[in-house]
Amino acid sequence: MNDCSAPYFYEKSRLSIKYSIYPFSIIVLILESFKNIWMSIHCLFKISRFCLFISLIWSNLFAKVDFTNEVRPILSEYCFHCHGPDKSTREANLRLDLSEGALSDLGGYSAVIPGKPEDSELVFRLHSDDKDELMPPPETGKRLSPKQKKILEDWIKQGAEYEEHWSFLPISKPSVPTETRKTKSAHPVDRFIAKKLENRTFSFAVPSDKKTLLRRLYFDLLGMPPTADEAKQFLNDKTESAYDQLVARLLADQRFGERMALHWLDLVRYSDTIGYHSDVFMEVSAYRDYVIDAFNQNMSYDQFVIENLAGDLLPEASNQQKIASGYNRLLQTTEEGGAQAAEYQAIYQADRVRNFGVVWMGATTGCAQCHDHKYDPFTIKDFYSLAAFFADIQEKPVGRRNPNLYMPTPDQEKKLEELESAKKETEKIRDEKKSGLEKERNKLRTQLTQKSSSFNYDEPSDSGIEKKERIVFEDAAPTDAELHGEWKLADAPVFSGSKSFVRTGLGNNQHFFYKSKNPHQVMNDQDEFFAYAFLDPQNPPKQVMLQFNDGTWEHRAYWGESLIPYGRENTSSKVKMGPLPELGKWVRLSVTAKKIGLKPKAKVNGMAFTQWDGTIYWDKVGVLSKMDPRQDPELSLNKWIALAKNDKSLPGNIQNLAKKAEKDRKVSEKDTLRSHFIQYIYSKAPAGILSVRKQVNELDGAIEKLDSEVKSAVDAITNYKRTFRSMLVSQSGNKRMVRILPRGNWLDKTGEVVEPAIPEFMGKLDIENPKANRLDLAKWVISEDNPLPARAFTNRIWKIFFGHGLSRRLEDLGGQGEPPTHPQLLDYLSNEFRNNGWDVKQLIRTLVTSDAYKQSSVPTEKLAQADPLNRLYARQSRFRVDAEFVRDTALSISGLLVSEIGGTSVKPYQPAGYWQHLNFPARKWQAGMGDDLYRRGLYTFHCRSFTHPAMLAFDAPSREECSAERPRSN
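Be aware that the sequence shown starts at 217, since it is given in my numbering, and climbs by one per residue.
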């Protein structure tokens, strides 16, 4: 300061007089005068800087404390847990989140006395030396810094004025600041940022060069770099509108929707698997296509909100609107056996409320699941009232969630119409014939009743034990079971009857039947299963295997080498019976039930005939049982009754009577069972009964065949629909009762039953029906009464283009979040967004055409030190692209990228064994082929438990929960 003191000016002014008294010194005088003028200007500049410095110190010393940005964060961090909204943890009956609580009389004193920090209990407790009085209590490990204490003292001294939390206030309509010396731009974004820089020594960074802008725009709007031709087109365009035209082109590019969809899929926790326990596949990829298309078509955000939350409830909802409602089904679910349905119903409703709050409002509603929110006004009742909106969604709490919306192509629709027509014709034929057949059958049943009434039945004794052979098939394939593989008949060689079956193949091949309607029940462990086989000497197999299904296929016997890859050697799942049978002659292959682990009473409903290479002829397949008539349900009434209780093929009344204990049956009930046994079961009934029974069975078979043909037609439609692209969507039904769960405990049924309602502090729905639905909720979300959705979405869009949000915590605009660095700018953009029809592309265009967006990301050394987190936006931000775009960039630059839009998820290469611990069932990653290997990262199959390692390496989330922002660890 010495060179700018008053004496300095005095001495310099005297010099001009001194020089004037010397002759011939005019030139020197002129030169000295110029020097004086320059030094004066220089000193004035230094003085002005000094004055600015003093004014800043003065303003800091005496400026009004900002409650939102300075006071509330301190109270929220250190006080609200014990003195905030949650009454269950509130101490000393003191609330510091509300003015009336802080100023209330606590018995002759108050926590806060406006204008008198020295008399305020809050200040006293902050400075107390007594550990019993010190706040926060020492055991919390929290301590306020001297600066924080000073802020609270100054705030009280200035009147202790409270302000409602910024994000819950209506969106303001701030005027765009007038032009300042920090920018010549008239762009509203630049003006708001420049206003914040006005009292700073920093200005906007220099504009980025054209190449940098090109690359930045492509990554930000499309998620990949420009091609050589695209770069050349822009760089060679010298017109003033070149940049704006590039923005317009990229916003119209179909890749824009893919880029924007990525952050949305993180928010809604989109995945191709269910998450919990088995983490099996679920088909929801059509939702991803819907999101891509919504961004590309520039669907208004309010319409997007409505369709996501309640697309299925819209009048005459389109398939696309139903697909949008699949948002409600994207949460994690379970198929685990033994899981408690009520527990998972509570888990699902909590998940939906958490996601609803973060996605649509930037609010941590999940913090009110067990108690009132500790930092925001959400209560536990608000939490469960929001859950009640989603209680109409029809779903199984535990078990497989099958798709419930099919989306055929035009060709598939044509084929489906043909199948529907065939089904109707089959139903018509059945209806014409069935009534006549049923009348005839009823007449025969009456005859059976009459004939059996005079027959005397006696229980068999142990004197009739004999061997009994049952033929499963001989000259024809089983007609009562599902057939798989080729069942080819041959005229020779033949062992029994007139035909045999022949199979020729290379390697492992088989034919089999299962789901037989007449399974063989194992009588004892010596039941012998057999099949006759003829091995072609000209083309012999290396191995022959018989397999048996009693609910699983884990019962196998084989002859020859061990090449067929089924079962585990030396267990009942793979028993070696001996060498390969003799070639060129019929041989009997047999194995006992005991040998292959079939227990008595097991029901064998299928057999498989497997070979490795060669040609084999098969004939006469059956079971040989040693029969004790007392154990034969066709000979013993008692044995039949014992089995009838679980035989669902019997009439309901017969099953119910069989389930009764013998001593509890009335005489008439015993007669009913006996009569049914004689009429339809007893194999040694008189010939007259057997003859009529045969006719009844034939009519049963004819009727069953008609029904079976209709069922086959229905199954053909069902199976064909499975080839369609499908989607899991919301379906509304009767609402489940929702009650408050104290402490979130699903076992506690004492909580109040609640109806759908918005958070109480945010008002009430303007509807007459007290039982509001998801559509009412969606309309409230985008109403002017709710300031959160526009702010939350605008803040997230800002983050995409500037590296971080104006409010840094994208998932929390509440008390534990951060106030926006530029609150007026956030409200201006949010207001414009809402008032311009929720136009997403217009919002983005506003951001990317600003000078703030186009400036260089290279900071000066001084700026880097003063603002390392770039909160002033005096430069652009620098950050790595997301994981999927790392992949896209590599594929694009190498020329391998397949740019197809939409479709089901694909499986590019993944390290072998990465899924080895993915069980129930065990699975292996099967990499795709062709174009599937080179699709954009957005389409990579997403497994919650084992997210693709190329994505994990660059911080892609598992999507088990909502992810508003990805961390950047590299």
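C-beta: ideal position from N, C-alpha, C; glycine also.
Proximity of residue i and residue j at Cβ, strictly below 9 Å
| i | j | result |
| --- | --- | --- |
| Leu957 | Gln585 | yes |
| His381 | Arg288 | yes |
| Ile409 | Ala1006 | no |
| Ile609 | Arg545 | yes |
| Pro975 | Thr580 | no |
| Val718 | Trp834 | yes |
| Lys365 | Glu293 | no |
| Ser1199 | Gly1033 | Given that the chain is displayed from residue 217 to residue 1186, the structure contains no residue 1199 and the question cannot be resolved. |
| Pro619 | Leu944 | yes |
| Leu715 | Ala692 | The sequence given here has Lys at residue 715, not Leu. For Lys715 and Ala692, yes; Cβs fall inside 9 Å. |
| Arg1175 | Val912 | no |
| Glu643 | Val908 | no |
| Asp518 | Ile998 | yes |
| Phe764 | Ala824 | yes |
| Gly822 | Ser732 | yes |
For residue i, the first and last residue of its enclosing alpha helix (DSSP H)
| i | result |
| --- | --- |
| Ser719 | For the sequence presented, residue 719 should be read as Arg rather than Ser. Where Arg719 is concerned, there is no enclosing alpha helix (DSSP H), although the beta strand (DSSP E) it sits in stretches over Ser716 to Thr720. |
| Gly652 | Pro626 to Ser668 |
Residue i versus residue j - alpha carbon distance
| i | j | result |
| --- | --- | --- |
| Met498 | Gln548 | 10 Å |
| Phe435 | Thr1076 | 25 Å |
| Val1074 | Ala1080 | 9 Å |
| Lys886 | Tyr622 | 51 Å |
| Lys437 | Arg990 | Note that residue 437 is Leu in the sequence shown here, rather than Lys. Cα to Cα, the separation comes out at about 32 Å. |
| Thr939 | Pro626 | 13 Å |
| Arg890 | Phe671 | 10 Å |
| Gln565 | Ala607 | 8 Å |
| Ser637 | Lys631 | 10 Å |
| Gln827 | Tyr730 | 18 Å |
| Glu971 | Pro1124 | 47 Å |
| Pro386 | Phe520 | 22 Å |
| Phe384 | Arg568 | 22 Å |
| Ser264 | Glu414 | Here Ser264 scores only 47 on pLDDT, less than 50, and its place in the model should not be relied on; the value that follows carries that caveat. For Ser264 and Glu414, the distance between alpha carbons rounds to 15 Å. |
| Gly473 | Tyr600 | 35 Å |
| Glu456 | Val463 | 13 Å |
| Cys295 | Leu481 | 36 Å |
Cβ neighbour criterion (16 or more within 10 Å) applied to residue i
| i | result |
| --- | --- |
| His1133 | exposed |
| Gln969 | Strictly speaking, residue 969 in this sequence is Val, with Gln absent from that position. Exposed, because fewer than 16 other Cβ atoms sit within 10 Å of the Cβ of Val969. |
| Asp348 | exposed |
| Tyr1260 | The question about residue 1260 has no answer here: the residues shown for the chain are numbered 217 through 1186. |
| His343 | exposed |
| Leu751 | buried |
| Ile372 | buried |
| Phe1095 | exposed |
| Asn862 | exposed |
| Ile242 | Low per-residue confidence applies at Ile242: pLDDT is 40, beneath 50, and the placement is therefore not dependable, though the value from the model is reported in the following sentence. Exposed. |
| Lys684 | exposed |
| Glu1116 | exposed |
| Arg686 | exposed |
| Thr787 | exposed |
Endpoints, the beta strand (DSSP E) within which residue i is located
| i | result |
| --- | --- |
| Ser841 | Thr831 to Met843 |
| Met793 | Val791 to Gly794 |
| Phe746 | Glu744 to Leu751 |
| Trp828 | Gly822 to Trp828 |
| Phe729 | Asn724 to Tyr730 |
| Ser942 | Arg941 to Met943 |
| Leu705 | Lys704 to Ala706 |
| Glu698 | Glu698 to His700 |
| Lys855 | Not the beta strand (DSSP E): Lys855 falls in the alpha helix (DSSP H), residues Leu853 to Ala860. |
| Phe497 | Where Phe497 is concerned, there is no enclosing beta strand (DSSP E), given that its DSSP letter is neither H nor E. |
(message) If contact is defined by three or more beta carbon pairs under 8 Å, each pair taking one atom from either stretch, is the region 497 to 513 in contact with the region 1160 to 1171?
(response) no
(request) Report yes or no: do three or more beta-carbon pairs, one from the region 695 to 705 and one from the region 765 to 779, lie closer than 8 Å? (result) no
(message) Whether or not the region 549 to 569 and the region 608 to 624 are in contact is what I'm after, with contact meaning three or more pairs of Cβ atoms, one per stretch, closer than 8 Å; do they touch?
(response) yes
(message) I want to know whether the region 806 to 813 touches the region 655 to 674 - three or more CB-CB distances under 8 Å.
(response) They do not touch, by the three-pair rule.
(message) Does the contact criterion of 3 or more C-beta pairs under 8 Å hold for the region 390 to 410 versus the region 299 to 315?
(response) no
(request) Tell me, please, whether the region 1086 to 1093 touches the region 1056 to 1071 by the rule of three or more beta-carbon pairs shorter than 8 Å. (result) yes
(request) Pair every Cβ in the region 1140 to 1153 with every Cβ in the region 1102 to 1116, then say whether three or more of these pairs are closer than 8 Å. (result) yes
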